[in-house]
Amino acid sequence: MARAPMQFLDLLPVFEWMESTPVAQTIRHSAKLIALLESIHLIGLTLLLGTILMVDLSLLGLGIGRSPASRIAKELRGWTTAGIVIMLTSGPVILSSEAIRCYRTPAFWVKMALLAIALIFHFTIHRKVVFEQPPAPRARWTAWLSLGLWTSVALAGKAIAIFQPPD
Amino acid sequence: MFLLSICQWLDSTRLNAFMRMSTWFFPTFDTIHTLGIVLVAGTIMLVDLRLLGLTLRSEPVAGVVERIVPWTLRGFALMFVTGALLFSSEAVKLYHSPAFRIKLVLLALAGLNALIFHLTIYRDVANWDPAAAAPIRARLAGLLSLAFWIGIITAGRAIAYGSGYDLG
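Top line first, the protein sequences correspond to chains Y and S.
Oh and the first sequence: position 128 is 406 in the numbering used here, straight run, nothing missing.
Oh and the second sequence: position 145 is 493 in the numbering used here, straight run, nothing missing.
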């Protein structure tokens with residue numbers, strides 16, 4: 279078995295408990311439910327990436343008309359939040375159905391780390407730069423970093439399914 | 349049957365052999381394919397939601413379409429090329445997958461819906477854009493597009509979990 283990623287705080291019992299819950303066991307044994315939950319998770323990702331792409335394109339000067347990124351972001355904010363909520367709700371449910379395998383898969387921990395960074399970045403630096411008037415020169419790298427971070431989260435998510443845990 | 353023989357032929361081509369050269373090819377193209385679909389659906393959904401008056405109401409529809417649709421088309425190119433490669437690697441298997449057939453039908457309907465929208469009601473956009481709400485036919489096109497793309501994503505996931513089909 280792979281070494282625990284965090285020796286000082288062993289989360290394995292938590293993951294074992296997650297997988298033992300009735301909800302997790304029901305999903306685990308239904309390919310239809312897993313496919314459905316993953317579809318919902320992907321639709322959340324679609325909303326999230328679609329709206330963030332538009333805001334970041336605006337930061338790069340490729341937005342809609344001459345509208346500032348702040349206006350685009352304000353209008354799209356509700357849908358970005360909806361995407362995040364859909365993902366953060368469906369994600370743990372999917373996770374529970376194969377919690378122990380995820381615990382042992384490095385791609386899962388990479389995704390969680392990237393997700394934490396992306397969320398913190400989104401609600402702090404990104405938000406601040408988007409609403410800055412007049413637009414600051416750092417708008418460019420903020421947009422690229424935002425696009426890079428969220429794409430990485432998505433790629434790491436796909437990697438969980440592709441890479442099996444090491445023996 | 350005609351379609352089946354095409355699939356059998358595809359499975360015998362060099363494209364199929366190429367896809368089987370490395371176990372890395374399928375998951376790599378599958379990942380790009382997923383990102384392509386997310387780009388297509390994520391951008392077109394914004395146009396749909398705008399048509400329905402649910403976002404970007406301060407922006408004219410024409411401005412939204414002009415800026416967003418090029419990204420939809422880029423995503424579509426990614427999705428189409430990688431999709432064709434993935435298909436050629438297991439054409440006969442997919443021929444027998446009901447979810448794959450549903451996905452193709454929904455894809456055709458989404459394309460037809462977009463085509464009809466652009467050739468009819470959108471030609472007149474300059475006249476109705478200043479109004480508070482888009483005409484009913486434009487809103488209907490937006491609603492159908494949303495439904496089709498949610499269906500395409502769901503059918504795509506169902507292909508991977510269909511009978512005898514391993515997640516790659």
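C-beta atoms are modelled at their ideal positions from N, C-alpha and C, and glycine is treated no differently.
Presumed contact (8 Å Cβ cut-off) between residue i and residue j, rounded CB distance
{"i": "residue 426 (chain Y)", "j": "residue 365 (chain Y)", "result": "About 18 Å separates the two Cβ atoms, so there is no contact after all."}
{"i": "residue 333 (chain Y)", "j": "residue 351 (chain Y)", "result": "5 Å"}
{"i": "residue 454 (chain S)", "j": "residue 500 (chain S)", "result": "5 Å"}
{"i": "residue 420 (chain Y)", "j": "residue 431 (chain Y)", "result": "In fact, because the Cβ distance is near 17 Å, the residues do not count as touching under 8 Å."}
Within chain S, the residues that residue i reaches when beta carbons sit closer than 8 Å
{"i": "residue 313 (chain Y)", "result": "502, 505, 506, 508 and 509"}
{"i": "residue 329 (chain Y)", "result": "390 and 394"}
{"i": "residue 325 (chain Y)", "result": "390 and 393"}
{"i": "residue 341 (chain Y)", "result": "415"}
{"i": "residue 353 (chain Y)", "result": "403, 404, 405, 406 and 407"}
Burial state of residue i, where buried means 16 or more other Cβ atoms lie within 10 Å
{"i": "residue 313 (chain S)", "result": "Residue 313 (chain S) lies beyond the stretch modelled for chain S, which goes from 349 to 516, so this question has no answer here."}
{"i": "residue 484 (chain S)", "result": "exposed"}
{"i": "residue 415 (chain S)", "result": "buried"}
{"i": "residue 375 (chain Y)", "result": "buried"}
{"i": "residue 350 (chain S)", "result": "exposed"}
{"i": "residue 497 (chain S)", "result": "buried"}
{"i": "residue 359 (chain Y)", "result": "exposed"}
{"i": "residue 372 (chain S)", "result": "exposed"}
{"i": "residue 328 (chain Y)", "result": "buried"}
{"i": "residue 294 (chain Y)", "result": "exposed"}
{"i": "residue 354 (chain S)", "result": "exposed"}
{"i": "residue 378 (chain S)", "result": "buried"}
Host alpha helix (DSSP H) of residue i (start-end)
{"i": "residue 291 (chain Y)", "result": "290–298"}
{"i": "residue 351 (chain Y)", "result": "347–375"}
{"i": "residue 356 (chain S)", "result": "350–359"}
{"i": "residue 505 (chain S)", "result": "484–509"}
{"i": "residue 470 (chain S)", "result": "From DSSP, residue 470 (chain S) is part of no alpha helix (DSSP H); its letter is neither H nor E."}
Chain S contact residues for residue i, given Cβ-Cβ distances below 7 Å
{"i": "residue 309 (chain Y)", "result": "509"}
{"i": "residue 317 (chain Y)", "result": "501, 502 and 505"}
{"i": "residue 440 (chain Y)", "result": "375"}
Within chain S, partners of residue i - CB distance below 9 Å
{"i": "residue 357 (chain Y)", "result": "393, 394, 397, 402 and 403"}
Where residue i meets chain Y, residues with beta-carbon distance less than 7 Å
{"i": "residue 411 (chain S)", "result": "342 and 343"}
{"i": "residue 498 (chain S)", "result": "321"}
{"i": "residue 379 (chain S)", "result": "433 and 436"}
Interface residues of chain C facing residue i [CB-CB closer than 7 Å]
{"i": "residue 491 (chain S)", "result": "Judged by its chain identifiers, the structure shown contains no chain C, and its protein chains are Y and S."}
Query - Segment contact flag, the stretch 416–425 of chain S with the stretch 488–508 of chain S, C-beta cutoff 8 Å, min 3 pairs - result: The stretch 416–425 of chain S is not in contact with the stretch 488–508 of chain S.
Report task. Count the CB pairs spanning the stretch 412–419 of chain Y and the stretch 397–409 of chain S that are closer than 8 Å, and state whether there are at least three. Result -> Cβ pair count under 8 Å is below three, so no.
Query raised in the report: Is the stretch 464–479 of chain S close to the stretch 403–413 of chain S, with three or more CB pairs under 8 Å?
Result: Remark: three or more beta-carbon pairs, one from each stretch, lie closer than 8 Å, so the stretch 464–479 of chain S and the stretch 403–413 of chain S are flagged as touching.
Report task. Evaluate the contact criterion for the stretch 434–444 of chain Y versus the stretch 384–400 of chain Y: three or more CB pairs, one atom per stretch, below 8 Å. Result -> yes
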